[in-house]
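Here the structure is laid out as structure tokens; the discussion comes afterwards.
Number of protein chains: 2
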Amino acid sequence: MTRKPTHPGTVFLEDVMKPLNLSVTDTARMLGVSRKTLSEFVNEKSSLSPDMALRISKATNTSVESWMNMQQKLTLWIARKHEPDNVIPFPQSMAQES
Amino acid sequence: MTRKPTHPGTVFLEDVMKPLNLSVTDTARMLGVSRKTLSEFVNEKSSLSPDMALRISKATNTSVESWMNMQQKLTLWIARKHEPDNVIPFPQSMAQES
DNA sequence: GACAATTGACACGCGTTACGTTACAGGTTA
DNA sequence: TAACCTGTAACGTAACGCGTGTCAATTGTC
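Protein chains in written order, with the numbering used here: chain B, 1 to 98; chain Z, 1 to 98.
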């Protein structure tokens with residue numbers, strides 16, 4: 001993967017809040033979080049916490065996993081920037097777990 | 001989901017370290033982390049960090065995602081225990097995003 | 001039985017992060 | 001002008017991952 005995955009906060013802002021004409025203030029109230037917390041989230045200043053994912057899921061009736069996956073992809077993309085280079089491969093490989 | 005998902009550290013211990021007869025000490029060295037960090041991980045005292053996932057992925061030649069997903073399922077399972085109850089549903093639903 | 005390696009756990013410290021409250025300045029709109 | 005929305009800085013709190021150092025208990029091997 002070469003392109004940076006979209007931040008879940010941006011998706012939430014563009015695909016949920018804007019279409020529904022919801023303000024940050026009102027949305028924060030409905031989600032049960034502070035205005036600051038939501039503002040930082042939709043402005044990509046913080047990542048999607050499991051708690052926030054649960055709230056968004058409840059409010060929008062969408063799957064928590066879909067939101068969590070967005071964050072995971074982004075988290076992984078960022079983590080790969082500092083890939084550990086001091087890892088010694090194990091003698092043999094192993095089976096893949098789900 | 002009702003049953004608690006298996007901790008990725010346990011999977012790593014059972015399915016990777018034990019079959020290869022690797023000690024915590026040696027494995028920690030090969031992964032490039034401290035013995036404490038690995039010990040806590042395989043004993044379910046800490047969760048799988050993105051960095052650790054990358055290391056395990058490199059060492060075992062498995063996908064990072066598979067390890068991250070294990071943690072995500074567990075994280076979500078735990079988070080659901082304290083489900084937010086003060087969430088007000090939005091007026092309408094929305095489309096599902098990948 | 002004795003010695004060396006391994007292990008789980010704990011204390012301490014460090015850096016990061018999500019979150020709440022409060023407050024302020026700038027923008028928009030009625 | 002007044003009312004509202006917005007981003008953000010400041011401050012404090014609670015977690016969490018990680019490293020180093022240390023210690024007692026366990027395991028394994030001669």
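Think of the CB as a built atom: it goes at the ideal place given N, C-alpha and C, for glycine as much as any other residue.
From a predicted model like this one, the values you see are computed outputs, not experimental measurements.
Contact annotation: Z/R55 and Z/V24 have beta-carbon atoms that are not nearer than 8 angstroms. For Z/A59, the chain B residues whose C-beta falls within less than 9 angstroms of its own C-beta are V87, I88, P89 and F90, listed in chain order. Z/G9 has a beta carbon lying at 8 angstroms or more from every beta carbon in chain B.
Any Cβ of chain B closer than 8 angstroms to the Cβ of Z/T37 would place that residue at the interface, and such an atom is absent. Burial check for B/T60: the Cβ neighbour count within 10 Å reaches 16 or more, so the residue is buried.
Nearest in C-alpha terms to B/K18, of all of B/T2, B/R29, B/R35 and B/V42, is B/V42. At a Cβ-Cβ threshold of 8 angstroms, B/T10 and B/S47 do not count as neighbours. Taking 8 angstroms as the cut-off, the beta carbon of B/V87 is found closer than this to the beta carbon of Z/M30. Z/H7 is classed as buried because its beta carbon has at least 16 other beta carbons within 10 Å across all chains shown.
In this structure, DSSP gives Z/G9 a helical state, which the three-state scheme calls helix. DSSP places Z/P89 outside both helix and strand once states are collapsed to three, so it counts as coil.
Counting along the chain, B/E65 sits inside the alpha helix (DSSP H) bounded by residues V64 to A79. Taking Z/R3 as reference, the option from Z/Q92, Z/F90 and Z/K81 with the minimal CA-CA separation is Z/K81.
Judged by their CB atoms, B/K58 and Z/P84 are nearer to each other than the 8 angstroms cut-off. Around B/V64, the beta-carbon contacts reaching into chain Z at under 7 angstroms are L76.
Runs of the alpha helix (DSSP H) lying entirely within the segment 31 to 67 of chain B and spanning at least 4 residues, in chain order: 35 to 42 and 50 to 60.
Within the segment 40 to 59 of chain Z, P50, D51, L54, R55, K58 and A59 place their CB atoms closer than 7 angstroms to a CB of chain B, listed in sequence order. As the crow flies, the alpha-carbon of Z/F12 is around 12 angstroms from that of Z/S66.
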